[in-house]
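Chains as they are written, first to last, in the numbering used here: chain R, 52 to 175; chain D, 20 to 273.
Here the structure is laid out as structure tokens; the discussion comes afterwards.
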């Protein structure tokens, strides 16, 4: 999937890109390539972990004051934990299956919520 | 020399030992600091949430929780005093101190000191057999009048109180509960966490073990790694594994 995004490049980041002759776009692409729960949780010590730690830190930080937010995801997180605990060669594959189910569930839930909201608005 | 159980601490809970070892805190000095922060004045006239309030509340909470246990109701009877009128006057004196304006908490505690000593002098010595407790073979703890007085009023022995303090200190439990938003009232852990200043005083010139920094690095990663772990039990287990790993490394290398 291609996405055109607009980002404000901070001075310090631009400075580093200039010094080392990097294209900021390449760095964002490399970062995005490494973000993967299936890989991170099946190979927690791989070099991919730093990008995933950044993502997790962002995730935890944005919802720091609302731990109830995770309730809806809990069943799938538990499945991931169960899959990791087996720690066999098929762990990454099993994690991908859980992620697909999780993704589908959340998309369905959002659609359902949106439809209910529209119905409520029409009633009012 | 044989020492009776009520003046000797023989049991050091593992989690407490880990919490002290990882940050190079002397158990003896930590327990002495705790004793020195227990304040009878704070027990009856609560101040701000600081190390004194947390240490004192650790004793109050344990006493309250214990009273809630039906089996323990029988242990609470009348507390003997040799001078009832004098004791009442001492408590009234503390009340007057609490009403005085322009005093900070430290000054209020200091002014209450003599009254605490007077109260302890007149109260029965049922639970505090000695002002000195033994820790292991060659270490001692000195009980303050405030600590002794509260022990007598609550009818709970000093060793029992200190054991309760130690049993409530667990870094693994705190990490897991905090991250899941499942914190419980735990003034003992609060006292442990409260003051880096107290820690620095405790450590004096001893540096923390170099491996402590490795622990903190690993801890930061573990906190994020455990994001998908929503079970308290599993999170505690994972934190305990990390703590035990560093506890073993540090204790083997000391």
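Built from N, CA and C at the ideal position, the CB exists for glycine as well.
Within the segment 224–249 of chain D, the residues whose Cβ lies closer than 9 Å to some Cβ of chain R are 239, 240, 242, 243, 244, 246, 247, 248, 249, listed in chain order. Counting the other Cβ atoms within 10 Å of the Cβ of residue 133 of chain R gives fewer than 16, which makes it exposed. In this structure, residue 70 of chain D lies near residue 213 of chain D, with their beta-carbon atoms less than 8 Å apart.
Scanning its chain for C-beta atoms nearer than 8 Å, with the 5 sequence neighbours on each side dropped, one finds around residue 266 of chain D the residues 36, 37, 40, 41, in chain order.
Scanning the segment 43–87 of chain D from its first residue to its last, the whole alpha helix (DSSP H) runs of 4-plus residues come out as 46–56, 59–63, 70–87. If you check the CB distance, residue 174 of chain D and residue 146 of chain D come in under 8 Å. Among the bridge pairs identified by DSSP, residue 54 of chain R is matched with none.
By the Cβ-count criterion, residue 110 of chain R is exposed, with fewer than 16 other Cβ atoms from all chains shown falling within 10 Å of its own Cβ. Here residue 231 of chain D carries a helix assignment [DSSP, helix/strand/coil]. Within the segment 119–189 of chain D, complete beta strand (DSSP E) segments of at least 3 residues are found at 151–154, 158–161, given in chain order. Residues of the same chain with a CB within less than 7 Å of the CB of residue 188 of chain D, apart from the 5 flanking positions on each side, are 34, 35, 38, 207, 208, 211 in chain order.
Rounded to the nearest whole angstrom, the CA to CA distance from residue 177 of chain D to residue 239 of chain D is 37 Å. Residue 243 of chain D places its beta carbon 8 Å or farther from that of residue 257 of chain D. Under the criterion of beta carbons closer than 8 Å, residue 26 of chain D and residue 169 of chain D do not qualify as touching, at roughly 17 Å. DSSP, read as helix, strand or coil, puts residue 28 of chain D in strand.
Counting only the Cα atoms, residue 109 of chain D lies some 7 Å from residue 137 of chain D.
8 Å or more divides the Cβ of residue 184 of chain D from the Cβ of residue 28 of chain D. Annotation for residue 122 of chain R: no residue places its beta carbon closer than 8 Å to its own, counting only its chain and skipping 5 residues before and after. For the segment 251–264 of chain D, the set of positions with a beta-carbon nearer than 9 Å to some beta-carbon of chain R reads 253 in chain order. Annotation: the continuous alpha helix (DSSP H) that includes residue 213 of chain D extends over 206–213. Selection D:59, D:80, D:78 evaluated against residue 124 of chain D yields D:59 as nearest (Cα-Cα). No Cβ-Cβ contact shorter than 8 Å links residue 89 of chain R with residue 128 of chain R. Counting only runs that start and end inside the segment 87–130 of chain R, the alpha helix (DSSP H) elements of at least 4 residues fall at 88–93, 100–113.
Per the C-alpha coordinates, the member of D:250, D:117, D:263, D:203 positioned closest to residue 231 of chain D is D:263. Contact with chain D is absent for residue 153 of chain R, since none of that chain's Cβ atoms lies less than 8 Å from the residue's Cβ.
Here residue 265 of chain D carries a helix assignment [DSSP, helix/strand/coil].
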